[in-house]
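I have placed the structure first, in the form of structure tokens, so that the comments after it can refer back to it.
Structure, rendered in structure tokens:
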């Protein structure tokens, strides 16, 4: 599995939003500046996040974005699905035609692809925005270098 740039930036922006919102709207330009992400690209990302019900937009001079749900209830799976669709690997049997005469495709599908998908799905559904926020704050306070996902 490869985490797309769109999902990586979406997760980064949601962490930023969770940290800086504090019951006030956060403008995309602020998120963009803090994280060195193009405002135009963030607009596309937040459009998908809004459609998925993960953020809400407030119009007006003091407008911006807020989380639509608590950080505890937003999972990494929610974000990736909202921005990229399915994050699971394809069914091997649909990719390799003719290889199943010897059971090769079925073996790969059952022993590799399905198990990888199960583990990926489990991890991404357990990992919440709150966990990522807490970890990012911990890393920034300890002086350790932070690695963005």
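In the numbering used here, the protein residues as written are 89 to 237.
Glycine residues also receive a C-beta, built at the ideal position from the N, C-alpha and C atoms.
Since we're looking at a predicted model, the values are computed, not measured.
Going by CA-CA distance only, name the one from the options that's closest to residue i.
i, options, result
"residue 148", "112, 137, 122, 206", "112"
"residue 202", "165, 103, 137, 177", "177"
"residue 140", "99, 215, 167", "167"
"residue 210", "164, 92, 219, 198", "164"
By Cβ distance below 8 Å, which residues in the same chain neighbour residue i in space, the five residues on each side in sequence not counted?
i, result
"residue 97", "123, 125, 129, 130, 133"
"residue 114", "104, 105, 108, 152, 153, 154"
Spatial neighbours of residue i within its chain, please: CB distance less than 6 Å, with the 5 preceding and 5 following residues excluded, ordered by chain position.
i, result
"residue 127", "116, 117, 120"
"residue 102", "217"
"residue 109", "154"
"residue 136", "170, 171"
Beta-carbon within less than 7 Å of residue i's beta-carbon, same chain only, minus the 5 sequence neighbours each way: which residues are those?
i, result
"residue 205", "176, 177"
"residue 94", "133, 171, 172"
**Message:** I'd like the ranges of any alpha helix (DSSP H) spanning at least 4 consecutive residues and lying wholly in the segment 107-150.
**Reply:** Within the segment 107-150, the complete alpha helix (DSSP H) segments at least 4 residues long are 116-123, 127-139, listed from N- to C-terminus.
**Asked** Along the chain, which unbroken stretches of the beta strand (DSSP E) at least 3 residues long are found entirely within the segment 153-224?
**Response** none
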